[in-house]
Amino acid sequence: MSDIGYSSAQAQSAGRPVEAEASFGDYFALLKPRVMTLVVFTAFVGMVAAPVPIHPFIGFCAILFIALGGGASGALNMWWDADIDAVMKRTRGRPIPKGNVLPQEALGIGLTLSGLSVMMLGLATNWLAGAMLAFTIFFYVVIYTMWLKRTTPQNIVIGGAAGAFPPVIGWLAATGSMSVEPWLMFLLTFIWTPPHFWALALFMRSDYDDAGVPMLTVTHGRRATRIHILVYTVLMAVLAIGTAFTAVGGPIYLTVAVVLNALFLAGAFRIWRRDETMAEADNFRVERRFFRLSLIFLFAHFAAIMVEALLKPYGLGGWG
Amino acid sequence: MSFREPHELHRRRFGRNLGVGLVLGAFVALVFGLTVVKVTNTDFGMAPVQQEAK
Numbered sequence: 005m006s007d008i009g010y011s012s013a014q015a016q017s018a019g020r021p022v023e024a025e026a027s028f029g030d031y032f033a034l035l036k037p038r039v040m041t042l043v044v045f046t047a048f049v050g051m052v053a054a055p056v057p058i059h060p061f062i063g064f065c066a067i068l069f070i071a072l073g074g075g076a077s078g079a080l081n082m083w084w085d086a087d088i089d090a091v092m093k094r095t096r097g098r099p100i101p102k103g104n105v106l107p108q109e110a111l112g113i114g115l116t117l118s119g120l121s122v123m124m125l126g127l128a129t130n131w132l133a134g135a136m137l138a139f140t141i142f143f144y145v146v147i148y149t150m151w152l153k154r155t156t157p158q159n160i161v162i163g164g165a166a167g168a169f170p171p172v173i174g175w176l177a178a179t180g181s182m183s184v185e186p187w188l189m190f191l192l193t194f195i196w197t198p199p200h201f202w203a204l205a206l207f208m209r210s211d212y213d214d215a216g217v218p219m220l221t222v223t224h225g226r227r228a229t230r231i232h233i234l235v236y237t238v239l240m241a242v243l244a245i246g247t248a249f250t251a252v253g254g255p256i257y258l259t260v261a262v263v264l265n266a267l268f269l270a271g272a273f274r275i276w277r278r279d280e281t282m283a284e285a286d287n288f289r290v291e292r293r294f295f296r297l298s299l300i301f302l303f304a305h306f307a308a309i310m311v312e313a314l315l316k317p318y319g320l321g322g323w324g
Numbered sequence: 092m093s094f095r096e097p098h099e100l101h102r103r104r105f106g107r108n109l110g111v112g113l114v115l116g117a118f119v120a121l122v123f124g125l126t127v128v129k130v131t132n133t134d135f136g137m138a139p140v141q142q143e144a145k
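Chains A and B, in that order, give the protein sequences.
Counted the way our numbering counts, the first sequence spans residues 5 to 324.
Counted the way our numbering counts, the second sequence spans residues 92 to 145.
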């Protein structure tokens, strides 16, 4: 028996056709690399904005382990959600629904990387940062994915917290102690997440419905979703502009926050004013534009915080 | 004599093994780097007992 024949039998007995055997890229895709970029960037900003300098190599390792922890929770999320991922258009191409990776492989990779990332972050920086990373993974996998995602229309609000923790972990890795500023950065992502995903849910129409995920659009209707987007955007404007007057803010951040929040509010107002007939007539143009703006919105706010922090040594950043 | 063209499955496995090998190599380098930084960092000091013994 050739080893190809042997592997075919092995793979088929494991429930996977041999032509679908995973490549390295499939395992990497389990870690949700696109989400990881947001995690890396916000954790980096949290670290740079911290008042205590960190050794560049330790900083690099800390960001890497935070990203790895985020990736591990992504793999565990794909393991648990394989059934609904197979139904939704947006997630149908993920490695498990495609049949390239077995659910138990994703579970194994997720658990191993979770343990490794927490332990390494704790050893490289401090155990408070390690504990916060462990809590983030627990929150995303157990509280959000296993518990709330399929039971409450507020899933995205609470789940947003998991994605908002990285700047706090970055700050903790540098300082080893807690303060108010990283929690302001946490709130920026936390309040930003619901309108970002609800705009997506408005134009991805039947996806969440087909999967039976209780998105606000499904449980409370599309009108209620439009109102919610506007309310969260108003809250966002207050928070984002208020942050400008704290230790992590400054004139550059204030300018960015004022311009982007004005645009964001205008977009949310347009979404609120529209009904479904209008939205369908132009194929959700306003909702799609709002969604794209939301991506730039978060990136620009964190970039402005980073610029303020990087300019401080030259006496330029912050309020002096 | 010429070698047979490797099966697609073998190529995929080679890619996977190479990927895992590189990741493990990078991890070893990372741990080594961390050790060097931690040991040479200024705030690193010997335990008082060790200092007395010296």
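All C-beta atoms in this analysis are idealised placements derived from N, C-alpha and C, irrespective of residue type, glycine included.
For Gly-116/B, no CB of chain A lies under 7 Å from its own CB, so it is not counted at the interface with that chain.
Going by beta carbons, Ala-203/A and Thr-221/A fall outside the 7 Å limit. The alpha carbon of Arg-230/A has as its nearest neighbour, out of Leu-115/A, Gly-246/A, Arg-278/A, Arg-289/A, the alpha carbon of Arg-278/A. In this model, Asn-81/A and Tyr-318/A are separated by some 43 Å (Cα to Cα).
Looking at the backbone, the Cα of Ile-162/A and that of Ile-245/A are separated by about 23 Å. Straight-line measurement puts the Cα of Phe-201/A at about 13 Å from the Cα of Arg-94/A. For Arg-103/B, the enclosing alpha helix (DSSP H) has its first and last residue at 99-131. According to the DSSP assignment, Ser-118/A belongs to the alpha helix (DSSP H) that extends over 107-128. Of all residues in the region 55-73 of chain A, those with a C-beta nearer than 7 Å to a C-beta of chain B are His-59, Phe-61, Ile-62, Cys-65, reading in chain order. Against Gly-106/B, the close residues of chain A are Ser-27, Phe-28, in the order they occur along the chain (beta-carbon pairs closer than 7 Å). Taking all protein chains in view, the Cβ of Trp-84/A is crowded by 16 or more other Cβ atoms within 10 Å, so the residue is classified as buried. The three-state secondary structure of Leu-35/A, taken from DSSP, is coil. Only Ala-128 from the region 107-137 of chain A bring a Cβ to less than 7 Å from some Cβ of chain B. Excluding five sequence positions before and after Ile-88/A, the CB atoms of its chain that fall closer than 6 Å to its own CB belong to Ala-215, given in chain order. With contacts defined by Cβ atoms closer than 7 Å, Leu-132/A and Leu-176/A form a contacting pair. Taking every protein chain shown into account, the CB of Ala-178/A has 16 or more other CB atoms within 10 angstroms, so this residue is buried. Flagged as an interface residue toward chain A: Gly-110/B, by a C-beta distance shorter than 7 Å. The C-alpha of Leu-106/A lies about 6 Å from the C-alpha of Ile-100/A. Closer than 7 Å to the CB of Leu-113/B there is not a single CB belonging to chain A. Within the region 167-217 of chain A, the runs of alpha helix (DSSP H) at least 4 residues long that lie entirely inside it are, in chain order, 170-179, 184-207, 210-215. Every alpha helix (DSSP H) stretch that sits fully inside the region 219-266 of chain A and reaches 4 residues is listed by chain position as 220-223, 225-247. Rounded to the nearest whole angstrom, the CA to CA distance from Met-51/A to Ala-138/A is 18 Å.
When 8 Å is used as the limit between beta carbons, Val-128/B is near these residues of chain A: His-59, Phe-61, Ile-62, in chain order. If you draw a 10 Å sphere on the C-beta of Trp-196/A, you find 16 or more other C-beta atoms in it, and that means buried. Put simply, the CB of Arg-102/B is far from chain A, with every gap to its CB atoms at 7 Å or more.
Put simply, the backbone Cα of His-305/A is about 7 Å away from that of Ala-261/A.
Residues Ala-203, Leu-206, Arg-230, Ile-233, Leu-234, Val-290, Glu-291, Phe-294 of the same chain have their beta carbon placed closer than 8 Å to that of Ile-275/A, with the five preceding and five following residues left out of the count. Beyond the five residues adjoining it in sequence on each side, Thr-149/A comes within less than 6 Å, by CB distance, of Asn-81, Trp-84 in the same chain, given in chain order. Looking at the backbone, the Cα of Cys-65/A and that of Asn-287/A are separated by about 44 Å. For Leu-320/A, the secondary structure class from DSSP, reduced to helix, strand or coil, is coil.
In this structure, Gly-180/A and Asn-130/A form a Cβ contact; the two beta carbons are roughly 4 Å apart against a cut-off of 8 Å.
Cα atoms of Met-123/A and Arg-38/A: separation of roughly 24 Å, rounded to the nearest angstrom.
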